[in-house]
Every structure is written in C-alpha cells, then in structure tokens.
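Take a look at the structure below.
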Amino acid sequence: MNLKNNRPKPTNGFYGEFGGAYIPELLYPNVKELEFNYQEIIQEPSFQKEYQQLLKDYVGRPTPLYFSEKLSKKYGANIFLKREDLNHTGAHKINNAIGQVLVAERLGKTRIIAETGAGQHGVATATACALRGLKCIIYMGKIDVERQAPNVQRMKMLGAEVIPVESGSQTLKDATNEAIRDWINHPTDTHYVIGSVVGPHPFPDMVTIFQSVISEEIKKQLKQQTGNANPTHVIACIGGGSNAAGAFYHFINNKNVQLIGVEAAGHGVHSGKTAASLAKGTDGIIHGFMTKLMQTSDGQIVEPHSISAGLDYPGVGPLHAHLFTSKRGQFISITDKEALHAGFDLTKTEGILPALESAHALAALNKLKFSKTDVVVVNLSGRGDKDLTTYLNHL
284 MNLKNNRPKP TNGFYGEFGG AYIPELLYPN VKELEFNYQE IIQEPSFQKE
334 YQQLLKDYVG RPTPLYFSEK LSKKYGANIF LKREDLNHTG AHKINNAIGQ
384 VLVAERLGKT RIIAETGAGQ HGVATATACA LRGLKCIIYM GKIDVERQAP
434 NVQRMKMLGA EVIPVESGSQ TLKDATNEAI RDWINHPTDT HYVIGSVVGP
484 HPFPDMVTIF QSVISEEIKK QLKQQTGNAN PTHVIACIGG GSNAAGAFYH
534 FINNKNVQLI GVEAAGHGVH SGKTAASLAK GTDGIIHGFM TKLMQTSDGQ
584 IVEPHSISAG LDYPGVGPLH AHLFTSKRGQ FISITDKEAL HAGFDLTKTE
634 GILPALESAH ALAALNKLKF SKTDVVVVNL SGRGDKDLTT YLNHL
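Sequence positions in the sequence shown follow my numbering and run 284 to 678.
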C-alpha cells in the first residue's frame, strides 16, 4: 500500500467536480485532524505491519478468486468471482473497519461510532472494536434494524450499542445523519468510522485505500490463474460504492479494463421506488460531499428504495460520480426482482448464497455481451445469510 504510486486520488479533496468537505463549523476540527494525519499514519511501517498482519491472520486474506465453470458456460466468457463473502464477518467491510480503527487509535480516540444499512459495516466495526477494546456505538435505521435482525444481534454480542434511528425513511441516510450529529457532539474522543466511499474528504480516499486490497489481490490471482494480471471487465454493486472502489482501484488507469458499476433500480428506475442515484440523480450535496444525488428541483432528498439495505442510499461516492460523468465507468441499474433471481440462481448452481447487494452485480451479467476470450471478475462483496428472511419471502 504505497500512496506515492500513481493511483486514483482526489485533487484537493475532489474527483473532478465531485467530493470536497462541505461541513458545519462544529465538525471542522474533527475532519481537519483526520485530513492532516491519515496519509502519514497509513504509511507508517508499524501501521502497515500491524494492518497487513490482521488482514492475513484475523480477516483471512487473501480471499479466493474462484473460476465459475457454470457461469462461464452460461455467459460465454471466463467468469471469476472474487470471494469477499469469505472474509471474517462475511463481507468486504472488515478491510476498512480494521484500518480506520487502527488510525483512530493512533489519533488517541477511545470511542468509535458508525452508521450501517445492511449491518455488515456495523458488524465489521463492532468486531474491530471488540478486538481492540474500544467503546462502539452503531446507528441504524429502524427499518434496517428489523430487516437485518441477525446482524443487529451480532453487533450486540460483540459489545456494541445499537441505536435505532426513527427519523426520515428510517434507513441508511438517516442513520448517517445521526452519526454525524453524534460526532459533532463528541469532537475530542470519538472517531466516526464511515463505511463507504462517501462523506467529507478525506473519507472517500481513505476508505478506497483500505479497500484497494481487493483489486491488488485480483491482479496477483489472475496472473497466477490466466497468465495475465488484467481482466477485460470488473463488475461490482454500488450503493455508496466501497466494494466497487476497491475492486476498480488498480484498474482505473488501464482503459482496456471495463469498469461496470451496478446500481439498485428498486421497482424500476422510473417507478419512483428506486435507489439508482446515477441514473436519476443531479449534482448536489449530502453528508458533507458533492455528488450525484436523487433530489427534487428544490433540493429535497428523494427517499431511495431497494430490497437491499446496503444499496438503499440516495447518493453515490464522488469517485463513482466522476467515473460516471467522465464515462470511464459503465453503470447499469438492476431491479429488486432481477437481483433476487440472480441470487437464487447462484445459490442453486454454485452453492453460494450471495448478499442481496452482490446479487445486483451478478444480475448485470444478463445485461452485457461477452466474447469467449473475455475475462470477467464479479466482486462478491458479501454473503447472504443476513438476507435469508427476504430471500425466503420470495422463494
């Protein structure tokens, strides 16, 4: 993890026109303390030694890159699945949670807060805090508390305090609002572990760096399995976009690799019940950063909808907004129904139950045309145990 290498990084906190730090004055000291210190901390040899050791021995990295003969035959290409679902805690979120908790310790913080939608980031943060003996508070929309009950119980077992948020749509956006309020009220002892590539600078960059281990491993594993480190396509789901940022990271400057982000269309992009913020969004500010955002003409947030709690967010990370407007990335919208079908299909054909978030990425295979020589990597960002009730309701 060398930050001096050529890499996709923001300029003064911006990816193109997106990003920045649009924050209230009360939050300024917290954000600036992090901005002035995070790169130096991450590059410290002692930090890297501890972080890399935990990724290997505690998280279980590297995760496998699995060649799926059945998907390859079905779609007429060479389909690989990056198995982030096999990480400790069941998703890619732990890569970032452990990294940020180690940064927080070096900043002298003793209290950790986080927001969560699907619960995977909440579980990952609670796990990292249990490991390091830090106080942990998780904000979660009341609706998400109900539909992701197993993860709520896991967080509580790990010693975290889970606070249901009953404002707004009672989902991820509102949980984020409450976490920001908490951080403003606890400026000295608390670090906010943001779970995606969203929020004010430097969070999008820092989270992307911690998740870049995904594409770093893909390159090494593809080289071993195919003789070529670069795929033709990388496909990942996008809510805020942390797993996609990690899967894209080492390929962004290689234009021979097609980057495909998959949004949640909900009931349909034009149904009024969607979370496709790139397809439906306009430029706006949410949670301290400029991005593509679902909003009314007078700037009021349009409540998102997705069957997947982790994709139920009205905006997208600034890196992805930049990839969208610059046309470096291709972005596809997948409905709830299409995602469910893809999730059931992978479970029955490969014996892998994917998270509903990851099922959106799998469903994109039906929307694309491939040649026999194409090498396609789908990032399987998490496992679907947490979504079992939703799956069974549609069986």
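The beta-carbon is built from N, C-alpha and C at its ideal position, and this holds for glycine as well.
Residue from the options whose Cα sits closest to the Cα of residue i
i                 : options                           : result
leucine 648       : Asp368, Ile635 and Gly626         : Gly626
leucine 354       : Lys650, Lys556 and Leu629         : Leu629
valine 545        : Gly593, Gln335, Lys669 and Val496 : Gly593
valine 658        : Gln331, Leu348 and Phe330         : Leu348
threonine 509     : Gly482, Phe350, Val386 and Lys332 : Phe350
aspartate 595     : His605, Ala604, Met577 and Leu542 : Met577
tyrosine 475      : Asn379, Met440 and Pro345         : Asn379
phenylalanine 493 : Ala462, Val314, Gln322 and Ala413 : Gln322
alanine 401       : His375, Tyr298, Trp466 and Leu414 : His375
proline 307       : Lys620, Trp466 and Lys669         : Trp466
threonine 454     : Glu398, Gln403, Ala413 and Leu678 : Glu398
methionine 440    : Gly405, Ala458 and Thr459         : Gly405
glutamate 318     : Gly482, Gly551 and Leu678         : Gly482
Contacts around residue i, its chain only, beta-carbon distance under 8 Å, and the 5 residues preceding and following it disregarded
i              : result
lysine 506     : Ala512
isoleucine 377 : Val342, Asn370, His371, Ala407, Thr410 and Ala411
valine 540     : Asn513, Pro514, Thr515, His516, Val517 and Phe534
lysine 503     : Pro345 and Ala512
Cβ shell of residue i (< 6 Å), same chain only, five flanking positions each side left out
i                 : result
phenylalanine 607 : Leu561 and Phe614
serine 452        : Glu586
aspartate 368     : Leu663, Gly665 and Arg666
proline 291       : Ile535
arginine 389      : Ile324
isoleucine 362    : Ser351, Leu354, Ser355 and Val659
arginine 344      : Leu338
alanine 642       : Ala622, Ala625 and Gly626
asparagine 320    : none
threonine 459     : Glu398 and His570
serine 450        : Asp457
alanine 387       : His474
Residue i Cβ short of 8 Å to the ligand SAM heavy atom set
i            : result
arginine 430 : This structure does not include the ligand SAM; it has no bound ligands of any sort.
Beta-carbon contacts of residue i that lie in its chain and below 7 Å, excluding the five residues immediately before and after
i                 : result
glycine 302       : Pro293, Gly296, His484, Pro487, Phe572, Met573 and Pro601
valine 480        : Pro487, Val490, Thr491, Gly523, Gly524, Ser525, Ala528, Gly600 and Leu602
phenylalanine 653 : Tyr358, Gly359, Ala360 and Val659
isoleucine 521    : Ala527, Gly544, Val545, Glu546, Val599 and His603
glutamate 499     : His533
proline 447       : Met423, Lys425 and Val428
threonine 393     : Leu417, Lys418 and Asp472
alanine 548       : Thr557, Ala559, Ser616, Ile617 and Thr618
leucine 639       : Ile590, Ser591, Ala622, Gly626, Gly667, Asp670 and Thr673
alanine 462       : Ile396, Ala397, Glu398, Tyr422 and Tyr475
valine 633        : Going by the sequence as given, residue 633 is glutamate instead of valine. Excluding sequence neighbours, glutamate 633 sits near Ser351 and Lys353.
histidine 469     : Arg394
Whole-number beta carbon distance between residue j and residue i, since they are thought to touch under 8 Å
i              : j              : result
arginine 430   : threonine 673  : 7 Å
glycine 612    : isoleucine 569 : Incorrect: roughly 20 Å between the Cβ atoms, too far for contact.
histidine 588  : threonine 557  : 6 Å
histidine 553  : serine 495     : Not confirmed; about 35 Å, so no contact.
isoleucine 426 : alanine 443    : Rounded, the Cβ-Cβ distance is 19 Å, inconsistent with contact.
isoleucine 477 : alanine 644    : Their Cβ separation, rounded to whole angstroms, is 22 Å, which puts isoleucine 477 and alanine 644 out of contact at 8 Å.
alanine 622    : serine 591     : 7 Å
isoleucine 395 : tyrosine 334   : About 16 Å separates the two Cβ atoms, so there is no contact after all.
isoleucine 584 : lysine 456     : 7 Å
isoleucine 497 : lysine 365     : 6 Å
histidine 605  : tyrosine 298   : 4 Å
glycine 582    : lysine 575     : With a Cβ gap of about 14 Å, glycine 582 and lysine 575 do not count as contacting.
Closer than 9 Å to chain B by CB, residue i
i              : result
tryptophan 466 : Absent from the structure is chain B; it holds one protein chain and no more.
Opposing strand residues paired with residue i [DSSP bridges]
i              : result
aspartate 566  : Lys575
valine 661     : Leu364 and Ile518
alanine 604    : For alanine 604, which the question treats as bridged, DSSP gives no partner whatsoever.
tyrosine 422   : Glu398 and Ile446
glutamine 504  : Partner(s): none; glutamine 504 has no beta bridge.
proline 637    : Arg666
alanine 547    : Ile617
glycine 612    : Leu542
glycine 598    : Leu576
isoleucine 584 : Gln578
Could I get the ranges of all uninterrupted alpha helix (DSSP H) runs contained in the region 516–545, with 4 residues as the minimum, in chain order?
-> 525–531
In chain order, which continuous runs of the beta strand (DSSP E) of length 3 or greater are located wholly inside the region 292–378?
-> 348–350 and 361–366
Go through the region 387–411 residue by residue and report every complete run of the beta strand (DSSP E) that reaches 3 residues or more, in order.
-> 394–399
Could you pull out every unbroken beta strand (DSSP E) segment of at least 3 residues lying fully inside the region 430–476, listed in chain order?
-> 444–448 and 473–475
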